[in-house]
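In what follows, a structure is listed as structure tokens, so that the remarks can point back to it.
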Amino acid sequence: MPNHDALMRSIGQLAEAALPRWGLEGSSLAMINHSENTTYRVTPPQGSNEVGGRPLILRVHRPGYHTVNGIRSELAWMRALQAEGGVPTPQAIPGHDREDVQTVPHPSLSTPRNCVLFEFIEGEEPRQDHDLIEPFKRLGEVTARTHLHSMRWKRPDYFERTVWDLEHSIGSTPNWGPWTEGPDMTPARLPLLTRLVAAMGRRLARYGQGPDRYGLIHADFRLANLLIHQGDIRVIDFDDCGLGWFLYDAGTAVSFFEHKPEVPGLIDAWAEGYRRVRPLSKEDEAELPTFVMLRRMILFAWMGSHAETDLAKQEGPAYAEGTCAMAETYLSRFG
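For the sequence shown, position 212 matches number 212 in UniProt numbering, and the numbering has no gaps at all.
Spelled out as structure tokens, the structure:
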């Protein structure tokens, strides 16, 4: 297993080796983000005619998370959302072989990596220290349009995506590892969080998975995956999209700051925007705190299984204490 620096060099060399698949030889690469996937900004050489010489985004997928058909399913939905649902998304650019997904090997990596090239779309990431009320109203509208499209979209024959039901979120086969191994998990915290998970399970079983409540969702509307452009919200990074409760998307919007005092107001703003496009029943609105709590527990599990990431190192130390405080509040209302 290569060390981190060697791994990053190998992934960077693989990214360079992928560029000729799109005729982008000689382009410069600048890493934007490395958490699980690794993302680069691609700047074609001056005067290049390939894709108009504009900046592009190259995503190098981590191994073992999605199959080629899984990635193709994501990209197909992103195309359909923009064309049919009125939700602007960055579009994938096929390679010279007309395939969206390019599988590229590197001699120092044990397995090839799947790579996708995307259009670059303009916008500024919203920040927690900004006034987010109006952006959350817009996000509610965008989320509702996404869900309406999801309900009517005919999925391709090759469709396969992650499942975000209770079993695969915080149940016995979790996508991101068991919550019992979250950061700073102690025996003293186990009974409280066990009660929390049981209470959420009961409520979600009553809420159900009817087609108006459960379907294909983005599953990661956190601030880092949003761009504000001329007052509109644009959505990027559908890498976690899959089958789950529609209202889980609301919980993801406050990822990593679910415990902050401004969150109830932001969720109310999200709901106001959502209702402009699609109705929310009283039962739906009553369950919004459950989906905020569900997201918190999924991220708690993710931090335990991804302790090596910068995000887990930054957020993890206080996350258990904050999660327990949220659990107490939740159980006082719904336990």
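Idealized CB from N, CA, C, for every residue including glycine. Since the structure is predicted, the reported quantities are computational estimates derived from the model, not experimental observations.
query: Once you ignore the five residues that flank F291 on each side, which residues in its own chain have a CB closer than 7 Å to its CB?; result: W245, L247, Y248, A250, G251
query: Tell me the rounded alpha-carbon separation between residue 336 and M151.; result: With the chain running from 1 to 335 in the structure shown, residue 336 is simply not present.
query: Can you tell me which residues form a DSSP beta bridge with V277?; result: According to DSSP, V277 bridges with nothing at all.
query: Could you tell me the alpha carbon to alpha carbon distance between P90 and R138, rounded to whole angstroms?; result: 18 Å
query: Please return the same chain residues whose Cβ sits closer than 8 Å to the Cβ of D5, not counting the five positions on each side in sequence.; result: none
query: Report yes if the C-beta distance between M78 and F238 is below 8 Å; otherwise report no.; result: yes
query: Quick check on H218: buried or exposed, where buried means 16 or more other Cβ atoms within 10 Å of its Cβ?; result: buried
query: With DSSP as the reference, label L327 as helix, strand or coil.; result: Here residue 327 is Ala; the residue named in the question, Leu, does not match the sequence. Helix, per DSSP.
query: Grab the span of the alpha helix (DSSP H) containing I71 for me, first residue to last.; result: 68-84
query: When the Cα atoms are used, what is the spatial distance from I11 to T38?; result: 8 Å
query: At 4 residues or longer, and completely inside the segment 103-169: list those alpha helix (DSSP H) runs for me, N to C.; result: 133-152, 166-169
query: Please go through the same chain and pick out, in chain order, the residues whose beta-carbon is closer than 6 Å to the beta-carbon of residue 348, but skip the five residues on each side of it.; result: The chain is shown only over 1 to 335; residue 348 falls outside these bounds and no answer can be derived.
query: Is V87 near V42, with beta carbons less than 8 Å apart?; result: no
query: For E74, is the classification buried or exposed, using 16 other Cβ atoms within 10 angstroms of its Cβ as the cut-off for buried?; result: buried
query: With DSSP run on the structure shown, which of helix, strand or coil describes A250?; result: helix
query: What is the C-beta distance between P135 and I233, in whole angstroms, given that I count them as a contact (C-beta under 8 Å)?; result: 6 Å
query: Assuming contact is defined by CB atoms lying nearer than 8 Å, are L29 and A17 in contact in what I supplied?; result: no
query: Do M326 and M200 have their beta-carbon atoms positioned less than 8 Å apart in this structure?; result: no
query: Going by other Cβ atoms of all chains shown within 10 Å of its Cβ, with 16 needed for buried, is E308 buried or exposed?; result: exposed
query: Could you tell me the alpha carbon to alpha carbon distance between P55 and V116, rounded to whole angstroms?; result: 14 Å
query: Below 7 Å CB to CB, which residues in the same chain sit around G322 once its five sequence neighbours on both sides are set aside?; result: H259
query: Short of 7 Å in beta carbon distance, which residues of its chain neighbour L331, apart from the five on each side in sequence? Order them along the chain.; result: R195, L196, A199
query: Does M1 pass the burial test, meaning 16 or more other C-beta atoms within 10 Å, or should it be called exposed?; result: Any reading at M1 needs caution, since the residue's pLDDT is 47, under 50, leaving its predicted position unreliable; the model's value is listed next. Under this definition M1 is an exposed residue.
query: Taking Cβ positions, are L81 and R278 nearer each other than 8 Å?; result: no
query: Where do the N-terminal and C-terminal ends of the beta strand (DSSP E) with R59 fall, by residue?; result: 56-60
query: Tell me where the alpha helix (DSSP H) around W302 begins and ends.; result: 282-305
query: Quick one: what does DSSP say R41 is sitting in, helix, strand or coil?; result: strand
query: Would DSSP call L24 helix, strand or coil?; result: coil
query: Which value, in whole angstroms, describes the spacing of the CA atoms of I32 and I57?; result: 9 Å
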